[in-house]
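Protein chains in written order, with the numbering used here: chain U, 1113 to 1228; chain A, 9 to 123.
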Amino acid sequence: DAGVIQSPRHEVTEMGQEVTLRCKPISGHDYLFWYRQTMMRGLELLIYFNNNVPIDDSGMPEDRFSAKMPNASFSTLKIQPSEPRDSAVYFCASSLARVWGSNEQFFGPGTRLTVL
Amino acid sequence: GNSVTQMEGPVTLSEEAFLTINCTYTATGYPSLFWYVQYPGEGLQLLLKATKADDKGSNKGFEATYRKETTSFHLEKGSVQVSDSAVYFCALGVGGSSNTGKLIFGQGTTLQVKP
């Protein structure tokens, strides 16, 4: 399996522009997570989906952020308009639900976003 | 509620030194416990896990034992290498009927190993 795929790996944009980050989870996984990592705040869970349905978006910082999962193999995280404080590494992860035992998550390589 | 507390870093060691990174947790239900490692410029990857009390997870010379009596899952390695320099995250997931699918992560501990 190719693992979790994220694109782009790096994104540099100007304040006010729309940014779209993309994620392809591992085939067969039914959970998908979006995280943000910064030096100041560490690793933060933004939103997660189960079977393409958003379960908890309480970590989404504000209305400028939105996420969708139109099908089991694709998700997007959109920031509109972007601001310099959105600069961070954004990770996507996926996992397979288990009745008992571990919820091991598999992480993608991340998208490093820089908003100028 | 569920939470994970890790020792603060950075932890700086000389090569071949013994490593311990402390992790304690609070949880309802029957948690599974994980250690993830993040090398510079990369995503998190699973280092080891334990799914029930007294289980020992091990990988690449790292070990951690699930201690229910002390609610701990400390990471250890007998002899660290420069290549072990990374950020280490302790995490828990609650299974069974309380399974939300989420993992609760600690704040991460940076390890620096000097030659």
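No residue lacks a Cβ here, since even glycine has one placed at the ideal position from N, Cα and C.
How about residue i and residue j: do their beta carbons lie closer than 7 angstroms?
{"i": "A99 of chain A", "j": "L83 of chain A", "result": "no"}
{"i": "G86 of chain A", "j": "G1220 of chain U", "result": "no"}
{"i": "T39 of chain A", "j": "V102 of chain A", "result": "For the record, residue 39 of chain A in the displayed sequence is Pro; it is not Thr. In contact: P39 of chain A and V102 of chain A (Cβ atoms closer than 7 angstroms)."}
{"i": "T1217 of chain U", "j": "A1205 of chain U", "result": "Here residue 1217 of chain U turns out to be Gln, not Thr, going by the sequence shown. Yes, Cβ-Cβ distance for Q1217 of chain U and A1205 of chain U is below 7 angstroms."}
{"i": "F70 of chain A", "j": "L41 of chain A", "result": "no"}
{"i": "Q1129 of chain U", "j": "T1223 of chain U", "result": "no"}
{"i": "S1194 of chain U", "j": "V1165 of chain U", "result": "no"}
{"i": "L119 of chain A", "j": "V19 of chain A", "result": "yes"}
By the criterion of Cβ-Cβ separation under 7 angstroms, what are the contact partners of residue i in chain U?
{"i": "G65 of chain A", "result": "Near G65 of chain A there are no residues of chain U at all, since even the closest Cβ is about 10 angstroms away, more than 7 angstroms."}
{"i": "F113 of chain A", "result": "L1155"}
Could you give the first and the last residue of the continuous beta strand (DSSP E) run that contains residue i?
{"i": "V1165 of chain U", "result": "1165-1168"}
{"i": "P39 of chain A", "result": "39-46"}
{"i": "Y74 of chain A", "result": "Unbroken run through Y74 of chain A: none, as it is neither H nor E."}
{"i": "L52 of chain A", "result": "52-58"}
{"i": "I1138 of chain U", "result": "Looking at the DSSP string, I1138 of chain U is not in any beta strand (DSSP E), and its letter there is neither H nor E."}
For residue i, which of helix, strand or coil comes out of DSSP?
{"i": "R1197 of chain U", "result": "helix"}
{"i": "S91 of chain A", "result": "helix"}
{"i": "K1180 of chain U", "result": "strand"}
{"i": "K110 of chain A", "result": "coil"}
{"i": "L1208 of chain U", "result": "coil"}
{"i": "A99 of chain A", "result": "strand"}
{"i": "T1125 of chain U", "result": "strand"}
{"i": "V19 of chain A", "result": "strand"}
Who are the neighbours of residue i on chain U, taking C-beta pairs under 9 angstroms?
{"i": "E16 of chain A", "result": "Residues of chain U passing the Cβ test: none, with the nearest at roughly 12 angstroms."}
Give me the chain A residues within the contact set of residue i, using Cβ-Cβ distance strictly less than 9 angstroms, ordered along the chain.
{"i": "L1225 of chain U", "result": "The premise fails here: L1225 of chain U is roughly 14 angstroms from chain A at the closest Cβ pair, so nothing lies under 9 angstroms."}
For residue i, return the contacting residues in chain A, with the cut-off set at a CB-CB distance below 7 angstroms.
{"i": "N1162 of chain U", "result": "G109"}
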